[in-house]
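Asker: Before I ask anything, let me first share the structure, which is written out below as structure tokens.
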Amino acid sequence: MKETSVQQAARNSVSSGLLRSFSALKSFSDKVGDAFAKLSSSIKHRRDHQNLKKRLLEAMKQRGFSNQNTFRSVNSIIMRFPHFKKGLQNIKNIFEKYDEDSNGTLDPVELKKCLRMLQIQLSEKDIDRLYHYCDMDENKGIQYHEFIVLLCFAYLLAGPDSAANNMSNSASRHIEATFDKLAEAFAFLDKNGDGKLDKKDIILALNEASSKEKSPTHVTSRRFKEMDWNKDGTVTFKEFLFSLIKWIGIDTDHEKEPLRTIEVCVEKLLNKDLTWNNKPWRTKEVPM
95 MKETSVQQAA
105 RNSVSSGLLR
115 SFSALKSFSD
125 KVGDAFAKLS
135 SSIKHRRDHQ
145 NLKKRLLEAM
155 KQRGFSNQNT
165 FRSVNSIIMR
175 FPHFKKGLQN
185 IKNIFEKYDE
195 DSNGTLDPVE
205 LKKCLRMLQI
215 QLSEKDIDRL
225 YHYCDMDENK
235 GIQYHEFIVL
245 LCFAYLLAGP
255 DSAANNMSNS
265 ASRHIEATFD
275 KLAEAFAFLD
285 KNGDGKLDKK
295 DIILALNEAS
305 SKEKSPTHVT
315 SRRFKEMDWN
325 KDGTVTFKEF
335 LFSLIKWIGI
345 DTDHEKEPLR
355 TIEVCVEKLL
365 NKDLTWNNKP
375 WRTKEVPM
């Protein structure tokens, strides 16, 4: 029987409707798949981050920072700011050497080459985890200040034996000693040794920094907020390191700007809002 024009139109309409439904279903399925993939990746990164935190804490304990601490107050930490800055500036030459395309960041290939030449013994997975953990603004590249933190973590995770193999020059020894002191400073503040600082610990420590004049509560609270990047009520070792890098002015051009005096560091840390180039230095919330 010959199909009428009405029947043909109806059949075409049904076919077209089924095709649209199939396309819509496929689009929905793809979106769900992408969402699950992103969720799975996010969960994996969080799990990796938690694992790194535990291993870093264990590495600090193994080095005995808590038991052999030379810091007695926040003042004693602040007194070390010029020493910290000088030690960390030695890292700039390393960063620039391995930033082969001179774009201001290290990509995964450049980073792995750098760590390999520094003889820091870490697995490929650990390097990838550190890369994602320290890429704070997620711009797919490790910037200079991020590289400082990453290198500190790499030294801690690799252990003193691995680091000792690369202590063939004074610059390397100075960098290693600086990282040890930074970890020791955190261990001094981390009274219960759980790998994080709470607001009460920071406020008490900052108020002990000046015996003549204690900082107002709103100032010490602001200092804590500046350190607590993800606003979870605690400060991790990573947050602590990034805060110290900003406080001691490691991002400034040390050839044009002299080291900040201890008095300026104390004044800035205890009594003034923290700024960078006349602007609040932390402008983006990032997960820690």
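Here the numbering used here is used: the first residue of the sequence shown is 95, the next is one more, and so on. All C-beta atoms, glycine included, are put in the ideal place defined by N, C-alpha and C. The structure presented is a predicted model; accordingly, all values stated were derived computationally and were not measured.
Assign T328 to one of two classes, buried (16 or more other C-beta atoms within 10 Å of its C-beta) or exposed (fewer than that).
Answerer: Numbered from 1 along the sequence shown, position 234 holds the residue referred to as residue 328. So T328 counts as buried.
Asker: Which same chain residues end up closer than 7 Å to T355 when comparing Cβ atoms and leaving out the 5 residues on each side of it in sequence?
Answerer: Position 261 of the sequence shown, counting from 1, holds the residue named residue 355. Low per-residue confidence applies at T355: pLDDT is 46, beneath 50, and the placement is therefore not dependable enough to give any value.
Asker: Taking the alpha-carbon positions, what's the I172 to I242 distance?
Answerer: Here residue 172 corresponds to residue number 78 of the sequence shown, with the count starting at 1. Here residue 242 corresponds to residue number 148 of the sequence shown, with the count starting at 1. If you take the alpha carbons of I172 and I242, they lie about 19 Å apart.
Asker: Which residues in the same chain as L209 place their Cβ atom closer than 7 Å to its Cβ, once the five residues preceding and following it in sequence are excluded?
Answerer: As a working note, residue 209 is residue 115 in the sequence shown. Same-chain partners within the cutoff: L216, I221, A248.
Asker: Closer than 7 Å: is that where the CB of R149 sits relative to any heavy atom of the ligand MG?
Answerer: Judged by which ligands are present, the structure shown has none, so any question about the ligand MG falls away.
Asker: Could you tell me whether the Cβ atoms of R317 and I342 are closer together than 8 Å?
Answerer: Along the sequence shown, one-based indexing puts residue 317 at 223. Along the sequence shown, one-based indexing puts residue 342 at 248. No. Outside cutoff.
Asker: Considering Cα atoms alone, identify which of G235, H143, F178 is closest to A277.
Answerer: In the sequence shown, the residue the question calls residue 277 occupies position 183. The residue with the shortest Cα to Cα distance from A277 is F178.
Asker: Rounded to a whole number of angstroms, what is the C-alpha to C-alpha distance between S266 and K325?
Answerer: Within the sequence shown, residue 266 is the residue found at index 172, counting from 1. Within the sequence shown, residue 325 is the residue found at index 231, counting from 1. About 35 Å.
Asker: Do you know how far the Cα of Q183 is from the Cα of N286?
Answerer: Here the question's residue 286 lines up with position 192 in the sequence shown. Here the question's residue 183 lines up with position 89 in the sequence shown. In a straight line, the C-alpha of N286 is about 31 Å away from that of Q183.
Asker: Secondary structure at L216, three-state DSSP: helix, strand or coil?
Answerer: Position 122 of the sequence shown holds residue 216. Reduced to three states, the DSSP call for L216 is coil.
Asker: Do the segment 232-240 and the segment 269-284 touch if we need at least three Cβ pairs shorter than 8 Å?
Answerer: The answer is no - the segment 269-284 does not touch the segment 232-240, with fewer than three Cβ pairs under 8 Å.
Asker: Determine the DSSP secondary structure at A271, reduced to helix, strand or coil.
Answerer: The residue given as residue 271 occupies position 177 in the sequence shown. DSSP places A271 in helix when its eight states are reduced to three.
Asker: Note down the Cα distance separating D193 from T199, rounded to an integer number of angstroms.
Answerer: The count along the sequence shown starts at 1 and reaches residue 193 at position 99. The count along the sequence shown starts at 1 and reaches residue 199 at position 105. Cα to Cα, the separation comes out at about 6 Å.
Asker: Determine, using beta carbons only, whether L251 and L150 come nearer to each other than 8 Å.
Answerer: By one-based count along the sequence shown, residue 251 stands at place 157. By one-based count along the sequence shown, residue 150 stands at place 56. A contact, by the Cβ cut-off of 8 Å.
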